[in-house]
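Okay, so here's the structure we're looking at.
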Amino acid sequence: MNFFDIALDFILMDAFEDLENPPASVLAVLRNRWLSDSFKETALATACWSVLKAKRRLLMVPDGFISHFYSVSEHVSPVLAFGFLGPKEQLSEICSFFKHQIVQYLKDMFDLDKVRYTSVDLLAEDILQLSQRRGEILLGYLGTAGVVERNGTIEHY
Numbered sequence: 001m002n003f004f005d006i007a008l009d010f011i012l013m014d015a016f017e018d019l020e021n022p023p024a025s026v027l028a029v030l031r032n033r034w035l036s037d038s039f040k041e042t043a044l045a046t047a048c049w050s051v052l053k054a055k056r057r058l059l060m061v062p063d064g065f066i067s068h069f070y071s072v073s074e075h076v077s078p079v080l081a082f083g084f085l086g087p088k089e090q091l092s093e094i095c096s097f098f099k100h101q102i103v104q105y106l107k108d109m110f111d112l113d114k115v116r117y118t119s120v121d122l123l124a125e126d127i128l129q130l131s132q133r134r135g136e137i138l139l140g141y142l143g144t145a146g147v148v149e150r151n152g153t154i155e156h157y
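Read in order, the letters of the sequence shown correspond to residues 1 to 157 in the working numbering.
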């Protein structure tokens, strides 16, 4: 297992899939115009935590990798869920754009016209270029002026 398996596939793609069909009770709360946004956010976080708690109880190895993954998910899932499902349209648009970029990035990684699988060095070079390009697109969308350096810092001009 590597970063791509865990971060992109296991965390993000699973979260995106879970958000495709949220429970009707969650949607009812989120669509209720009489409730405040902070109440909706709290209710959504509570729903996420309840689901994760139920999943955690079913684990055969209570202190294994999946248990630790659920610990991370307890923090990430409510934020992602509110971003995608919450009432703030601008945040939802940003989250949808992010999802599109991640899905397209994964498709590009397995596109033989975009990635050379002939050697490890060429594969690494192409994946790095794809990563940098998607990062630039995301930063451009967010309106961040600057260029991302190899060490992750942003050079502002």
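Yeah, the Cβ is synthetic: ideal placement off N, Cα and C, and Gly gets one too.
Model, not experiment: these values are computed from the prediction.
TODO: Drop a sphere of 10 angstroms on the beta-carbon of ALA47, count the other beta-carbons inside from all chains shown, and report buried for 16 or more, exposed for fewer.
DONE: Per the 10 Å Cβ criterion, buried.
Open item on the list: So, with DSSP's three-state summary, where would you put LYS88?
Closed with: It is coil, neither helix nor strand.
Task: Residue span of the alpha helix (DSSP H) that contains ILE40, given as start and end - done: Checking the sequence, you will find Lys at residue 40 rather than Ile. In the DSSP annotation of this structure, the continuous segment of the alpha helix (DSSP H) that includes LYS40 starts and ends at 37 to 57.
Task: Selected residue, minimal CA-CA separation from VAL29, among GLU20, SER71, LEU44 - done: Per the Cα distances, LEU44.
Task: Cβ-based burial, TYR105 [other Cβ within 10 Å; buried from 16] - done: Only buried fits TYR105, as 16 or more other CB atoms lie within 10 angstroms of its CB.
TODO: Taking LEU142 as the reference, give the member of ASP63, LYS53, LEU91, ASP14 with the closest Cα.
DONE: When only C-alpha atoms are compared, the closest one is LEU91.
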